[in-house]
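>
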Amino acid sequence: MLIELAALLRLILLLTISLGAAILLGRHPAISVIWVFAALAVAVLLGSPLLLAVSALVLLAAGCHWFGLLSIRAYDRLLLGLGVGAILYAELSPRGYIAVQKQLKAEFPLQSLSDRLAYESAGRAAPSHVPNSTDVAPAEPSEKVREGLTELENAQWRSSGDLWYAMGRSLALQSLHTETAEGFAISQGFGVGRGLRASADVIRLPQATRLRMECVRPDDELPINVTAAKESHLAQLHWDSAGDFLSLARFGYVRDRDHVAGFQSHAFTDIPVFNDCASQTWRVTDLALVSLLRHSRPCVYETEHLPNLQELSGRDVPTRPLDDFEATALSELRLDRDLVIDDQPPLGVIRMLGALRAAQGCLECHAVPEATLLGAFSYRLVAVATE
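Note that the working numbering has the sequence shown beginning at 11, numbered continuously upward.
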């Protein structure tokens, strides 16, 4: 989605009405009526008061011409003047544009994330009590780790809706906080000349809701085990979950760690679904965030909802120690694995631990080397009977 799409559409419609009407109206009455009423309908659908007003004035002018109150020359000049005047008002008037920019700038100010990420400098980047802690951030990520980072980055783009939206939101927020934004708008005027403009529809994001996982009791009578679910499908579940949690669209504009605008805390927007075409009998019932750097020891947040860092940043969030599987799996993640699946789970249950590493986009705020293990997701899937 291009930021200028709506503005460009309005400009095209205004030009079409002003120039097209000047040619057709008065010469072909039937086409004129259809043309003007179509423009009025489009104006109502777009919610554009300016386009609605121009269309109404064109219709009024057409009526005056048909009743002999305007000559064809005066009529054509009036139509052309209305169109050009509307464009000049919409695109050259700095007041409307700057008022919107000031409102958005106040709503999305530059903020510092240093306090929120202060734990990274508290000496916990490589906890000495954790096995293989020196491998938390290897000097040179292995090929396997780099493949995982590529999977994560691709999932981040997919979760953002499309490439243009994630980039467009960042550029729109950047345009709000340039030193010469107002002067540039006044001196250049034209929308195309101003480049990418900040739009509330692009910058504002829906607030993350509290998503609760469904409580399902495993059917231990089903003759299935972890091999019934392909590991590649389980890996895709993890990457899709990580991509949603770390969606690039919510990163906003990052000038540096102390100047960030429009950042929205990492959170889930959808409940993860396990899409295994070969087996429709598994359901995700628990997905917990494993904290590695914020606390003195690795721990798991215990919440009734899917992880949301806005809520988990508080000090009263309950945590629990890692269980035996999670502790063993974490040691493997600290080497070069991205997903560890329990090979001896209870019947009808899949346990797995997936890595959350610092991808390229994360490094704009996180003061850690690329591929640093920042956290993990602990999953529990249960087997359910299909109807």
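Don't be surprised by glycine CBs; every beta carbon is placed ideally from N, CA and C.
Count Cβ pairs between the stretch 362 to 377 and the stretch 345 to 352 that sit closer than 8 Å; are there 3 or more?
Flag = yes, the stretch 362 to 377 and the stretch 345 to 352 touch.
> In angstroms, rounded to a whole number, what distance separates the CA positions of L373 and A66?
L373 and A66: Cα-Cα distance of roughly 53 Å.
> Mind the definition here: the stretch 149 to 168 touches the stretch 76 to 88 only if three or more C-beta pairs lie below 8 Å; say whether that holds.
No: the two stretches stay apart, fewer than three of their Cβ pairs being nearer than 8 Å.
> Alpha carbon to alpha carbon, how far is A165 from Q246? Give it in angstroms, no decimals.
Going from the Cα of Q246 to the Cα of A165 covers about 9 Å.
> Starting from the N-terminal side, write out each stretch of the beta strand (DSSP E) that is 3 residues or longer and does not extend beyond the stretch 302 to 345.
309 to 311 and 329 to 331, all fully within the stretch 302 to 345.
> Determine, using beta carbons only, whether G385 and V294 come nearer to each other than 7 Å.
No.
> Secondary structure at L159, three-state DSSP: helix, strand or coil?
Here L159 sits in helix by DSSP.
> With contact counted as at least three CB pairs below 8 Å, one residue from each stretch, are the stretch 179 to 190 and the stretch 266 to 276 in contact?
Contact between the stretch 179 to 190 and the stretch 266 to 276 is present, because at least three Cβ pairs lie under 8 Å.
> Counting only the same chain and skipping the five closest in sequence on each side, list residues whose C-beta sits under 7 Å from that of E314.
So the qualifying residues of the chain are R222.
> Is the separation between the beta-carbon of G371 and that of L258 shorter than 7 Å?
In contact: G371 and L258 (Cβ atoms closer than 7 Å).
> Closest Cβ-Cβ distance between E321 and chain B: below 7 Å?
Structure shown: chain B not included; a single protein chain is present.
> Quick check on D250: does DSSP put it in helix, strand or coil?
In the structure shown, D250 sits in a helix (DSSP, three-state: H, G or I).
> In the DSSP assignment, the alpha helix (DSSP H) including D125 goes from what residue to what residue?
Neither: D125 is in no alpha helix (DSSP H) and is coded neither H nor E.
> Pick from P328, D353 and L114: whose alpha carbon is nearest that of D334?
Among P328, D353 and L114, the Cα nearest to that of D334 belongs to D353.
> Locate the alpha helix (DSSP H) running through D211, then write down its first and last residues.
Residues A210 to I213.
> Please name the residue or residues paired with A298 in a DSSP beta bridge.
S388, per the DSSP bridge assignment.
> Tell me the DSSP bridge mates of D266?
D266 pairs with H269.
> With H, G and I counted as helix, E and B as strand and the rest as coil, what does DSSP make of A381?
Correct three-state label for A381: coil.
> For H248, is the classification buried or exposed, using 16 other Cβ atoms within 10 angstroms of its Cβ as the cut-off for buried?
With 16 or more Cβ atoms within 10 Å of its Cβ, H248 is classed as buried.
> If A218 sits next to N318, beta carbons under 8 Å apart, how far is it from one beta carbon to the other, in whole angstroms?
Yes, A218 and N318 are in contact; Cβ-Cβ is about 6 Å, under 8 Å.
> Indicate the three-state DSSP secondary structure (helix, strand or coil) for V110 in the structure shown.
Helix, per DSSP.
> Between the Cα of S170 and the Cα atoms of V392, A277 and K112, which residue gives the shortest distance?
Ranking the options by Cα distance to S170, first place goes to A277.
> Rank L297, L215 and P282 by C-alpha distance to the C-alpha of S8 and give the top, closest one.
Absent from the model: residue 8. The displayed extent of the chain is 11 to 397, so no value can be given.
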